[in-house]
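>
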Amino acid sequence: MENNNIILRLNNINKRFGGTIALKDVSLEIAKAECHAIVGENGAGKTTLLNILNGAIIPDSGYFEFEGVRYDRLDPKSSILLGFNIIHQELALVETLSVMENIFLSNLGKGNSGFVKNKKQIFNDSRELLKSLGSDIDPSEIVENLSTSKKQIVEIAKALSSNPKLLIMDEPTAALTQAETEKLFEVINILKKRGISIIFVSHRLNEVMRISDRVSVLRDGYYIGTVVTKEVNVNDIIGMMVGRKIELYQRARTDQTDLNNGKDVVLEVSNFTKKPYFENINFVARKGEILTFSGLVGSGRTELFETLFGFTEPDSGNIKVFGKPFKINSPKQAMFLGIGLLPEDRKIKGIISTMSVRENASIAVLSKLFKSGIIRRKKENDIVNKYVELLRIKLASIEDPVTSLSGGNQQKVMLARLLSTEVKILIIDEPTQGIDVGAKSEIHKLLIDLASKGVAIIIISSDLPEVLSISERIIVMRSGSIVGELKASEATEQKIMELATIGLAG
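According to our numbering, the residues represented by the sequence shown are 6 to 511, in order.
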């Protein structure tokens, strides 16, 4: 690529955290008005690199050139002044403020009179920014009333208010539906036409292949290479990311027996209701089965299983576990019955941020580790190290703070905690969200192995290829109701989406 088309050049960037190498001699180039994807497994160094560009982290050595000028370090304010802006996976909006107040919260500027812009000017400027993104969002609307995709457009408009030349998007589609993702891609193409460069970081390689012009790959902190997207395929990218062969696992299909005869049923839910989230839910889960709940964001799936697990109380309904009726009043009771839940919101309902990896992974089985009032530390370490190896959790030590790990690796620690309890009914909400392709394959294999040993697996997933690859039955929800059930042998992405969007009426 010609030098005069390069807006950003990184030269031998190095960063180490204690004994962990985060980045080692990373050099790459970003062109003007391109969408440049950066991919890699969890722990590859992507987040560290983004934080260096954002000025949040100072590299140990190396430098970068922006529009031909050399910089050795940045702080967050100077990076924005240069023209860098980052949109994090967790949007940084103030929910109780209006759209226009969020857009100009840190960039009010001055009006013609020399004073801070008045409300009318902010409204008009916000409307013009939103219009330039093809959006008709009302600038006076309160942010908490918007959908996730509209909030993301507000975040992009907020970034554009500082006139960026380089926009960094970190996992931008993680919480979006397929339709919302398409809208985001339209916005990215609008930004490129305006001459803005995009750095697009994502684990969703099918999206990377669609939207990016070039792809750079990091592995274990090292820069592996950059390729032109249209000249490679997904398998080429995966090979660069993992440096090993990835086997895609698929659940062996079996004919389902009559579900009404009760044979091998381990969980039976009937007339389960908690308005306004879900109503009159009826289903069974069977020993050794992988059952998936599919549907769009907001269909009530997450609320259903959090209620079933005892986080909240239902309005009505019945639960039978291994044929016996129970009223589950708390997560502790659910776990006592052999039910485990890995929630979608790992940070709030998952990790204990003040504890180490070891403590987070073993806390659910501590009662089994006591002998004469003392924790058998060797046994605890053996259990934790077993799952660190099984789930390929990247860390320097199990004594590291859990918050020092990447988001994907924190997710694996939560999965290790559940697996250590030897659950009989395992419920996982979005099991591979934010997890790289290598780890996804390993987790799929693990779930299939657990099912083959008799564990009932219930998955909540919006990843349709995932749903189709490992499920035996697929239940589809829409607007708080079950609108259909499909055997894996008859399911397709189209059938699932038809049920999820138009229900039985379609």
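Glycine included, every Cβ here is placed at the ideal spot set by N, Cα and C.
1) Take the Cβ of Gln157 as the centre, count every other Cβ of all protein chains shown within 10 Å, and call the residue buried at 16 or more, exposed below.
2) Using a Cβ-Cβ cutoff of less than 7 Å, which residues in the same chain neighbour Val214 once the five nearest sequence positions on both sides are dropped?
3) Starting from Lys20, trace the alpha helix (DSSP H) both ways and give me its first and last residue.
4) Check whether the stretch 422 to 438 and the stretch 374 to 386 are in contact - that is, three or more C-beta pairs closer than 8 Å.
5) Which residues share a DSSP beta bridge with Phe375?
6) Nearest-angstrom Cα distance between Gly3 and Ile12?
7) Return the CA-CA distance between Glu1 and Arg291, expressed in angstroms with no decimal places.
8) Am I right that Gln438 and Ala179 are in contact with their C-beta atoms under 8 Å? What's the rounded C-beta distance?
9) So, at 8 Å on beta carbons, what are the nonlocal neighbours of Glu176 in its own chain, with the 5 sequence-adjacent residues on each side left out?
10) With H, G and I counted as helix, E and B as strand and the rest as coil, what does DSSP make of Thr262?
11) Spatial neighbours of Lys384 within its chain, please: C-beta separation below 7 Å, excluding the five flanking residues on both sides.
12) If I measure Cβ to Cβ from Asn334 and keep anything under 7 Å in the same chain, skipping five residues before and after, which residues do I get?
13) Out of Glu46, Glu70, Leu79 and Phe71, which one is the CA nearest neighbour of Ile63?
14) In this structure, does DSSP put Arg291 in helix, strand or coil?
15) Are there 16 or more other CB atoms within 10 angstroms of the CB of Asp130, so buried, or fewer, so exposed?
16) So Arg422 and Ala461 are supposed to be a Cβ contact under 8 Å. How far apart are they, rounded?
17) May I have the straight-line CA-CA distance separating Ser118 from Leu171, to the nearest angstrom?
18) Measure the Cβ-Cβ separation of Val481 and Val418 and say whether it is below 8 Å.
19) Would you kindly work out how many angstroms separate the C-alpha atoms of Pro319 and Val407, rounded to a whole number?
20) My guess is that Leu55 and Ile26 are in contact by the Cβ rule of under 8 Å, so how many angstroms apart are they, rounded?
According to the structure data:
1) Taking the sequence shown and counting its residues from 1, one reaches residue 157 at position 152. Residue environment: Gln157 is assigned as buried (16 or more neighbouring CB atoms within 10 Å of its CB, all protein chains considered).
2) Within the sequence shown, numbered from 1, the residue matching residue 214 stands at position 209. Note that residue 214 is Met in the sequence shown, not Val. Counting only Cβ-Cβ distances below 7 Å, and skipping sequence neighbours, we find Thr234 and Val239.
3) By 1-based counting over the sequence shown, the position of residue 20 is 15. Looking at the DSSP string, Lys20 is not in any alpha helix (DSSP H); the run it does join, the beta strand (DSSP E), is Ile11 to Phe22.
4) Contact between the stretch 422 to 438 and the stretch 374 to 386 is absent, with fewer than three C-beta pairs closer than 8 Å.
5) Residue 375 sits at position 370 when you count from the first residue of the sequence shown. Partner(s): Ile380.
6) In the structure displayed, the chain extends from 6 to 511; residue 3 sits before or after that span and is not available.
7) Any answer about residue 1 is impossible in this case: the structure gives the chain only from 6 up to 511.
8) Translated into positions along the sequence shown, residue 438 becomes position 433. Translated into positions along the sequence shown, residue 179 becomes position 174. Confirmed, Cβ separation roughly 6 Å.
9) Position 171 of the sequence shown, counted from the first residue, corresponds to residue 176. When the five nearest sequence neighbours on each side are left out, the beta carbons in the same chain lying within less than 8 Å of the beta carbon of Glu176 are those of Gln94, Val206, Ser207, His208 and Gly439, in order along the chain.
10) Counting from 1 along the sequence shown, the entry for residue 262 is found at position 257. With a pLDDT of 42 at Thr262, under the threshold of 50, the modelled position of this residue cannot be trusted; read the value that follows with caution. Here DSSP, grouped into helix, strand and coil, assigns Thr262 to coil.
11) Reading the sequence shown from its first residue, position 379 is the one you call residue 384. Answer for Lys384: Leu374, listed in chain order.
12) Here residue 334 corresponds to residue number 329 of the sequence shown, with the count starting at 1. These residues qualify, in order along the chain: Gly315.
13) Against the sequence shown, residue 63 aligns to sequence position 58. Ranking the options by Cα distance to Ile63, first place goes to Leu79.
14) Translated into positions along the sequence shown, residue 291 becomes position 286. In the three-state reduction of the DSSP assignment, Arg291 falls in the strand class, which pools E and B.
15) On the sequence shown, position 125 is the one that residue 130 refers to. Buried, since its Cβ has 16 or more Cβ neighbours within 10 Å.
16) On the sequence shown, residue 422 is found 417 positions in, with the first residue counted as 1. On the sequence shown, residue 461 is found 456 positions in, with the first residue counted as 1. Not a contact, Cβ separation roughly 19 Å.
17) Against the sequence shown, residue 118 aligns to sequence position 113. Against the sequence shown, residue 171 aligns to sequence position 166. Only weak support exists for where Ser118 lies, its pLDDT of 45 falling under 50; the value from the coordinates is given anyway. Each residue's alpha carbon lies about 31 Å from the other.
18) As a position in the sequence shown, residue 481 is number 476, starting the count at 1. As a position in the sequence shown, residue 418 is number 413, starting the count at 1. Result no, Cβ atoms of Val481 and Val418 do not sit closer than 8 Å.
19) Mapped onto the sequence shown, residue 319 falls at position 314. Mapped onto the sequence shown, residue 407 falls at position 402. If I take the Cα positions, the gap works out to 33 Å.
20) For this step, residue 55 is matched to residue 50 along the sequence shown. For this step, residue 26 is matched to residue 21 along the sequence shown. Contact doesn't hold; Cβ gap of about 17 Å is too wide.
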